[in-house]
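The structure appears right after this line, and notes come after that.
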Amino acid sequence: MDEQIIVAPGEVPAGFEIMPEGLGFTNHVGPVYWGERGDQFVLGFRVLDKHSNPAQICHGGMLMTVMDMGLGIGIANFIDKAGFSPTMSLSVDFLAPARVGDWIESRAHFAHATRSRCTVHGVMIGPDGPVLRANGTFKMPRENDTRFKTDTLMLPELIRARRAARQS
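Written out as structure tokens, the structure reads:
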């Protein structure tokens, strides 16, 4: 099972930065951060009051939102040419509560890819261990498929740029 993530209250882990502007819904529900853990890019967020339900537990919709993005970003960890990959299917299991103040991170694990889709498994991890596990299938648009083009610089491109800078 994945490790625990312990981050001091109110802190953001070293190497994490806030997601760029222009991501629509992501910017609305944030702040959401991205950074590296080992050789993998992951997403993370601090559970705030605005993310919680009346029991002061992170709303499942927030966890699913960040996990969906984390699985999509995870594809760029495994497939070099990945760009924007829309979600085709997402299933989740809630394992434990994430409380207000907790730092939560995504982890993605490659499962399978074809020419047109990619399947990824993942977990959201907090200070007491996994809080959610998920399976997602994502469309892998062809290069000339304009339905999924975006003018926004997407994280897969940022990931590749950061890796290239490290290698030079």
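Each number in my numbering corresponds to the 1-based position in the sequence shown with 42 added. Just so it is clear, CB atoms sit at the ideal spot from N, CA and C, and this is done for glycine as well.
Look up leucine 132 in the DSSP assignment and say whether it is helix, strand or coil. Stepping through the sequence shown from its first residue, residue 132 is reached at position 90. Under the three-state reduction of DSSP, leucine 132 is assigned to strand.
Got a sec? Which residues, its chain only, sit under 7 Å from phenylalanine 58 by beta carbon, not counting five neighbours each side? For this step, residue 58 is matched to residue 16 along the sequence shown. Here the set comprises Tyr75, Trp76, Gly77 and Gly86.
Extent of the continuous beta strand (DSSP E) run through threonine 179: In the sequence shown, residue 179 corresponds to position 137, counting from 1. Element bounds for threonine 179: 171-181.
With C-beta atoms as the reference, is valine 162 less than 8 Å away from alanine 138? For the purposes of this step, residue 162 is taken as the residue at position 120 of the sequence shown. For the purposes of this step, residue 138 is taken as the residue at position 96 of the sequence shown. Contact flag unset, no.
To the nearest angstrom, how far is the alpha carbon of glutamine 82 from that of asparagine 95? Position 40 of the sequence shown, counting from 1, holds the residue named residue 82. Position 53 of the sequence shown, counting from 1, holds the residue named residue 95. Answer to the nearest angstrom: the Cα atoms are 31 Å apart.
Please tell me whether methionine 106 and valine 134 are closer than 8 Å, where the distance is taken between their beta carbons. Here residue 106 refers to the residue found at position 64 when the sequence shown is read from its first residue. Here residue 134 refers to the residue found at position 92 when the sequence shown is read from its first residue. In this structure, methionine 106 lies near valine 134, with their beta-carbon atoms less than 8 Å apart.
Would you kindly check if the distance between the Cβ of methionine 104 and the Cβ of histidine 93 is under 8 Å? As a first step, residue 93 is located in the sequence shown; it is residue number 51 there, counting from the start. As a first step, residue 104 is located in the sequence shown; it is residue number 62 there, counting from the start. Yes; because the gap between Cβ atoms is below 8 Å, this pair is in contact.
Could you give the distance in angstroms between the alpha-carbon of proline 73 and the alpha-carbon of glycine 80? If you number the sequence shown from 1, residue 73 lands on position 31. If you number the sequence shown from 1, residue 80 lands on position 38. Whole-angstrom Cα-Cα distance: 22 Å.
Flag this pair as yes or no: are the beta carbons of valine 180 and glycine 114 separated by less than 8 Å? In the sequence shown, the residue the question calls residue 180 occupies position 138. In the sequence shown, the residue the question calls residue 114 occupies position 72. For clarity, residue 180 is phenylalanine in the given sequence; the question names valine instead. Yes, the Cβ-Cβ distance between phenylalanine 180 and glycine 114 is below 8 Å.
Among His154, Asp170 and Ala176, nearest to methionine 182 - alpha-carbon criterion: Indexing the sequence shown from 1 puts residue 182 at position 140. Of His154, Asp170 and Ala176, the residue nearest in Cα terms is His154.
Alpha-carbon spacing of aspartate 91 relative to proline 169, whole angstroms: The sequence position of residue 91 within the sequence shown is 49, counting from 1. The sequence position of residue 169 within the sequence shown is 127, counting from 1. Looking at the two C-alpha atoms, the distance is approximately 18 Å.
Near methionine 43, which residues of its chain fall below 6 Å by C-beta distance, leaving aside the five closest residues on each side in sequence? For this step, residue 43 is matched to residue 1 along the sequence shown. Because the pLDDT of methionine 43 is 45, which lies under 50, any placement of that residue in the model is unreliable, and the question is left without a value.
Please report whether the beta-carbon of arginine 149 lies at a distance below 8 Å from any beta-carbon of chain D. Included in the structure is just one protein chain, with no chain D present.
Compare the C-alpha of glycine 178 against each of Trp145, Thr129, Ser158 and Ala207 and name the closest. As a working mapping, residue 178 is identified with position 136 in the sequence shown. Glycine 178 has its Cα closest to that of Thr129, out of Trp145, Thr129, Ser158 and Ala207.
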